[in-house]
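Novice: Sharing a structure with you now.
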Amino acid sequence: MNGRDAKTTIDMIESGGQTSVHGQVIVGDDGLARCPWAATSPMLSDYHDHEWGRVVRGEQALFERISLEGFQAGLSWAIVLAKREAFRDAFAGFDPDVVAAFTDADLEALLRRGDIIRNRAKIHAARTNASAVIELRASGGLDQFIWSRQPDTSPAPHHTGDVPTRTADSEALARDLKRHGFRFIGPTSAFALCEAIGMVDTHLLDCHRRGRRVG
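Those letters in the sequence shown? Residues 1 to 215, per this note's numbering, in order.
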């Protein structure tokens, strides 16, 4: 979920009769204030409350996030999230060693699955990125590679218009990942990755999850 998704989500909220004034938080029936994109469905609300922006560590978990961000390119996060369990099944739980060993025939089989995003370039990129993850082990591993680039500060957004879609830090992260062989990761998807794994906190200031990257 990033600023681009948030703008689309606000339009959805307003057309559905639930308005977020200037992209500010929405207070749910449970009395909790949430970022407006979380108000469009129970699935997104649950993701917002229990996953998005919480610290994610570990090679396999981070490889999954990079892969899913790649599949999101040009689409909404809700589409990817709805298919996440199917993606996990298709990509062996995002075990880099298994995915890197996929044959061309394995990738062709994935293109015939109706429960994932069947984009040839994105599916092939997942295998390429798995190999890049394995190569990073010799220099500290994916977790160290990503988290050593954590920005010193996070944005302080009052409304969704204050949330950037890319930053100088995400541009640098995307360049570094590409230099190490990763594909389908640009400055925007790199920033979305940083938001999702808790490297930066872009919950709105009045959101009940603001400042709670752990726990």
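Yeah, the Cβ is synthetic: ideal placement off N, Cα and C, and Gly gets one too.
In terms of residue numbering, what span does the alpha helix (DSSP H) encompassing P96 cover?
Specialist: P96 to A100
Novice: List in chain order: all unbroken alpha helix (DSSP H) runs of 4+ residues lying wholly within the region 23–58.
Specialist: You should have 42–50.
Novice: Counting only the same chain and skipping the five closest in sequence on each side, list residues whose C-beta sits under 8 Å from that of Q60.
Specialist: G93, F94, D95 and P96
Novice: So, does the region 169–180 touch the region 188–200, judging by three or more C-beta pairs under 8 Å?
Specialist: Contact holds: three or more Cβ-Cβ distances are below 8 Å.
Novice: With C-beta atoms as the reference, is A73 less than 7 Å away from V99?
Specialist: no
Novice: Please work out which residues of its chain come closer than 8 Å, Cβ to Cβ, to L205, disregarding the five sequence neighbours upstream and downstream, and give them in chain order.
Specialist: Contacts found: A156, P157 and H158.
Novice: Locate the alpha helix (DSSP H) running through D104, then write down its first and last residues.
Specialist: D104 to L111
Novice: Check whether the region 76–95 touches the region 49–64, counting contact only when three or more Cβ pairs, one atom from each stretch, lie closer than 8 Å.
Specialist: yes
Novice: For T19, count the other beta carbons within 10 Å of its own beta carbon; 16 or more makes it buried, fewer makes it exposed. Which is it?
Specialist: Confidence is the limiting factor: at T19 the pLDDT is only 46, short of 50, which leaves the residue's position unreliable, though a coordinate-based value still follows. Result: exposed.
Novice: What is the DSSP secondary structure of F216, reduced to helix, strand or coil?
Specialist: Residue 216 cannot be examined here, being either before or after the span of the chain that is shown, 1 to 215.
Novice: Just verifying my parser: in three-state terms, what is the DSSP assignment at K83?
Specialist: coil
Novice: Please determine if the region 116–134 and the region 75–86 are in contact, where contact requires at least 3 C-beta pairs separated by less than 8 Å.
Specialist: yes
Novice: Taking Cβ to Cβ, would you say L44 is nearer than 7 Å to A38?
Specialist: yes
Novice: Roughly how many angstroms lie between the CA atoms of F145 and L136, to the nearest whole one?
Specialist: For F145 and L136, the distance between alpha carbons rounds to 8 Å.
Novice: Please list, in chain order, all residues of the same chain as D162 whose beta carbon is under 7 Å from its beta carbon, the five residues on each side excluded.
Specialist: The residues P155, in chain order, have a CB closer than 7 Å to that of D162 in the same chain once the five nearest residues on each side in sequence are set aside.
Novice: In its own chain, which residues sit with a C-beta less than 7 Å from the C-beta of F184, not counting the 5 before and 5 after it?
Specialist: G70, A73, K122 and A125
Novice: By the 10 Å Cβ neighbour count, where 16 or more other Cβ atoms means buried, how is P36 classified, buried or exposed?
Specialist: buried
Novice: Check for me: the alpha helix (DSSP H) holding I134 runs from which residue to which?
Specialist: R120 to L136
Novice: Is it buried or exposed, R179, if we count other Cβ atoms within 10 angstroms and call 16 or more buried?
Specialist: Exposed, by the Cβ-count rule.
Novice: Compute the Euclidean distance between the alpha carbons of E195 and R88, then round it to the nearest angstrom.
Specialist: 21 Å
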